[in-house]
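Encoded as structure tokens, the structure appears first; notes follow it.
Pasting the structure below:
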């Protein structure tokens with residue numbers, strides 16, 4: 001037990017937990033502003049490809065399971081939609097110009113046109129595919145924005161609730 005106490009002191013676990021409690025108190029007392037700060041940080045982190053699971057866990061710890069889940073859901077939906085649109089606006093035309101003529105690209109486009117929603121559901125529910133990278137990747141395909149957003153929101157919700165608890 002003494003060894004554990006020494007290690008946690010050296011690592012700064014006590015300081016980390018103290019700062020986490022201070023952050024939690026600060027954000028809770030800010031009300032809607034605290035929520036907006038969390039959502040904004042979540043979106044920025046997602047755009048920078050920081051794993052969302054860490055942010056969802058933080059949301060659950062800072063705001064409690066219910067509020068943390070709701071805030072994470074809103075933030076994840078907004079962030080995935082924004083990532084998708086950035087890729088669509090900045091990358092799709094460029095990608096088509098340089099590799100649109102290739103057999104591989106055309107096969108991917110046909111596959112997405114035929115069963116893109118099914119593929120999106122599969123990749124969202126199987127944790128092997130990095131979620132934040134998927135947002136950008138799907139923006140480069142022909143999958144429409146609203147089906148992408150709706151499917152992403154629905155398939156993300158169970159994981160958000162689990163990580164927030």
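Numbering (the UniProt record's numbering), first residue to last: 1 to 165. Just so it is clear, CB atoms sit at the ideal spot from N, CA and C, and this is done for glycine as well. Keep in mind it's a predicted model, so treat the numbers as computed, not measured.
Residue nearest to residue 86 within the set 38, 165, 132 is 132 (criterion: CA-CA distance). Between the segment 139–150 and the segment 23–41 there are fewer than three C-beta pairs closer than 8 Å, too few to call the two in contact. Annotation for residue 108: the continuous alpha helix (DSSP H) segment containing it runs 103–125.
Around the C-beta of residue 107, fewer than 16 other C-beta atoms lie within 10 Å, and the residue is accordingly described as exposed.
Here residue 164 has 56, 59, 60, 65, 68, 69, 72 as same chain residues with Cβ atoms under 7 Å from its own Cβ, once five neighbours each way along the sequence are excluded. Residue environment analysis places residue 32 among the exposed positions, since fewer than 16 neighbouring C-beta atoms fall within 10 angstroms of its C-beta.
Every alpha helix (DSSP H) of 4 residues or more that sits fully in the segment 120–159 is shown, in chain order, as 131–139. The beta carbon of residue 83 sits closer than 8 Å to the beta carbons of 46, 47, 132, 135, 136, 139 from its chain, once the five residues preceding and following it are set aside; these are given in chain order. Contact annotation: residue 52 and residue 74 have beta-carbon atoms that are not nearer than 8 Å.
Per DSSP, residue 55 is one residue of the alpha helix (DSSP H) stretching across 52–63. Annotated as distal: residue 110 and residue 155, with beta-carbon spacing of 8 Å or more. Under a 10 Å Cβ-count criterion, residue 115 is classified as exposed, with fewer than 16 other Cβ atoms of the shown protein chains found around its own Cβ. Apart from sequence neighbours up to five positions away, the residues of its chain that approach residue 160 with a beta-carbon distance below 7 Å are 56, 69, 72, 73, 76, ordered along the chain.
For residue 149, same chain residues with a beta-carbon under 8 Å away, outside a window of 5 residues either side, are 77, 80, 81, 84 in chain order.
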